[in-house]
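S.K.: Here you go, one structure.
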Amino acid sequence: MHKIALLASLLWTIVLAGGLAPAAHAADAPRWLVSPELLGAAKLEIVWETVLPIRPGEKLQTLSCVGGGVYALSDRNYLAALGGDKGNVVFAKSIAPVGFPLLGFDRFEDVLITVIGNSILEIKPGSGTIARTLPVTDYGLICPVARTESHYYLPGVDTRVHVVKAESLVELFTVAGTAQSAITSVVAADDYVVFATNAGYLMSFAPDRPYKFWDMQFAEGIVGPVVRSGDSLFFACGDTHVYRVDCPTITNKRLVWKHPIGSIPKTSPRVTANVVYQYGPLKGVTAIDRESGKALWKLPEGLDLLAESARRAYLISTQKTLVVMDNAGARKVLTVNMADVDLYASNTQDARMYIGDTRGRVMCIRPAR
114 MHKIALLASL
124 LWTIVLAGGL
134 APAAHAADAP
144 RWLVSPELLG
154 AAKLEIVWET
164 VLPIRPGEKL
174 QTLSCVGGGV
184 YALSDRNYLA
194 ALGGDKGNVV
204 FAKSIAPVGF
214 PLLGFDRFED
224 VLITVIGNSI
234 LEIKPGSGTI
244 ARTLPVTDYG
254 LICPVARTES
264 HYYLPGVDTR
274 VHVVKAESLV
284 ELFTVAGTAQ
294 SAITSVVAAD
304 DYVVFATNAG
314 YLMSFAPDRP
324 YKFWDMQFAE
334 GIVGPVVRSG
344 DSLFFACGDT
354 HVYRVDCPTI
364 TNKRLVWKHP
374 IGSIPKTSPR
384 VTANVVYQYG
394 PLKGVTAIDR
404 ESGKALWKLP
414 EGLDLLAESA
424 RRAYLISTQK
434 TLVVMDNAGA
444 RKVLTVNMAD
454 VDLYASNTQD
464 ARMYIGDTRG
474 RVMCIRPAR
């Protein structure tokens, strides 16, 4: 038994060597990031908690929920992948030199995709193996890329979307927006591609040729990623509104609604099956009925959506509390102290909530069963 335990310890050390490696102060962390008693009173339960041993001087910086996995990135660009069901460490490794910015994470089939500097990195999510590093040398990348089976869609600093073959990165054509407007988002499907700019321009084009299906112009810039859900596109604009645009066919579009939030958004909306949640600086979170575009409720101290379950929404607040909102009754149900929580991932797919701190603790909680 001692040999088995020693082998497990060595494997843990090897997997995490160089960045997220064993460190004494990680063991000094309190047992729970949020106490089970507090969660129990709110009818929540802990699914798992994982403590990633962080080196002295290193901090966890972001949590991301992508494709059923949870990814914890340190300020030294060490990435730990955790299984969403059990919190087990799937892999942990350096993916970029210290100080290099990363442009988000996305999942396409069996590949995790991120942008580091002017290179696209493809990572095998089950092992952490770097499948490919694809340099983009002729122009800089300004926001996350989009991928389909056959193509990459690369948003360039030159204000153009470069369409390249997915396997070889051979450029096929480019598509331009309005003059001098930076691209803020690219969304790709098999039958159309949409990109947005900071000048409020939204355009849809054919995925395999430079043919414009339609375009729209808004008063101010489109902020953050455009969210595609079914035939609908959801996005926030600098004109203080959240929008829903439907695309019933690839050549048609229709503005379904726009909803004011009272401040200039800095992030994109969180979209679930029935509700759109939008944060506005100094105004908090507004919950909007997805179909009608009417406000369900406002939470002035709200910061972001953690998850949603049936009629309830679970939000992190600017006061470091978890706030439970009743969507149907448009009322606050209760709050839970989360004073030690520094990081979170917004999950729009199910009711699991992922929270963490800079010292390496990551916890998954859910409504009690």
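Numbering of the sequence shown is given in this note's numbering, commencing with residue 114 and proceeding in unit increments.
Idealized CB from N, CA, C, for every residue including glycine.
Small disclaimer: the values here were computed from a predicted structure and weren't measured.
Quick check: what's the CA-CA separation for residue 213 versus residue 442?
M.R.: Taking the straight line from one Cα to the other gives about 46 Å.
S.K.: Please list the terminal residues of the continuous alpha helix (DSSP H) segment that includes residue 153.
M.R.: Note, residue 153: alpha helix (DSSP H), 149-154.
S.K.: DSSP three-state label for residue 213, please.
M.R.: Residue 213 falls in the coil class under three-state DSSP.
S.K.: Cα separation between residue 427 and residue 323?
M.R.: Each residue's alpha carbon lies about 43 Å from the other.
S.K.: According to DSSP, residue 359 sits in a beta bridge with which residue or residues?
M.R.: 345 and 367, per the DSSP bridge assignment.
S.K.: Just to confirm the assignment: which complete beta strand (DSSP E) runs, minimum length 3, are found wholly within the region 159-193?
M.R.: Correct list: 173-179 and 182-187.
S.K.: Nearest-angstrom Cα distance between residue 203 and residue 178?
M.R.: Roughly 14 Å between the two C-alpha positions.
S.K.: Looking at the C-beta of residue 214, does it have a partner C-beta in chain B at a distance below 7 Å?
M.R.: Checking the listed chains, one finds no chain B in this structure; it contains a single protein chain.
S.K.: Under the assumption that residue 350 contacts residue 333 (Cβ atoms under 8 Å), give the Cβ distance between them as a whole number of angstroms.
M.R.: The pair is a contact, with the Cβ atoms about 5 Å apart (cut-off 8 Å).
S.K.: Can you have a look at residue 264 and say buried or exposed, based on whether 16 or more other CB atoms are within 10 angstroms of its CB?
M.R.: So residue 264 ends up on the buried side.
S.K.: Could you check what DSSP says for residue 386 in three-state terms: helix, strand or coil?
M.R.: Coil at residue 386, not helix or strand.
S.K.: In whole angstroms, what separates the C-alpha of residue 348 from that of residue 336?
M.R.: Cα to Cα, residue 348 sits roughly 7 Å from residue 336.
S.K.: Taking only the alpha-carbon atoms, compute the straight-line gap between residue 402 and residue 388 and give it to the nearest angstrom.
M.R.: The straight-line gap from Cα to Cα measures roughly 5 Å.
S.K.: Sort out for me which residues DSSP pairs residue 196 with in a bridge.
M.R.: Beta-bridge pairing links residue 196 to 182.
S.K.: Output the boundary residues of the beta strand (DSSP E) element that contains residue 477.
M.R.: Start and end: 474-480.
S.K.: Closest by CA to residue 466, which one among 144, 160, 150 and 145?
M.R.: Of the listed residues, the one whose Cα sits closest to residue 466 is 160.
S.K.: Here's the rule: buried if 16 or more other CB atoms are within 10 angstroms of the residue's CB, otherwise exposed. What is residue 222?
M.R.: By the neighbour-count rule (16 or more Cβ atoms within 10 Å), residue 222 is not buried but exposed.
S.K.: Determine the DSSP secondary structure at residue 460, reduced to helix, strand or coil.
M.R.: DSSP places residue 460 in coil when its eight states are reduced to three.
S.K.: Is the Cβ-Cβ distance between residue 390 and residue 380 less than 7 Å?
M.R.: Not closer than 7 Å, so no.
S.K.: Are there 16 or more other CB atoms within 10 angstroms of the CB of residue 249, so buried, or fewer, so exposed?
M.R.: Answer is buried; the Cβ neighbour count reaches 16.
S.K.: Name, in chain order, the residues that DSSP records as bridge partners for residue 248.
M.R.: BP columns for residue 248 point to 232.
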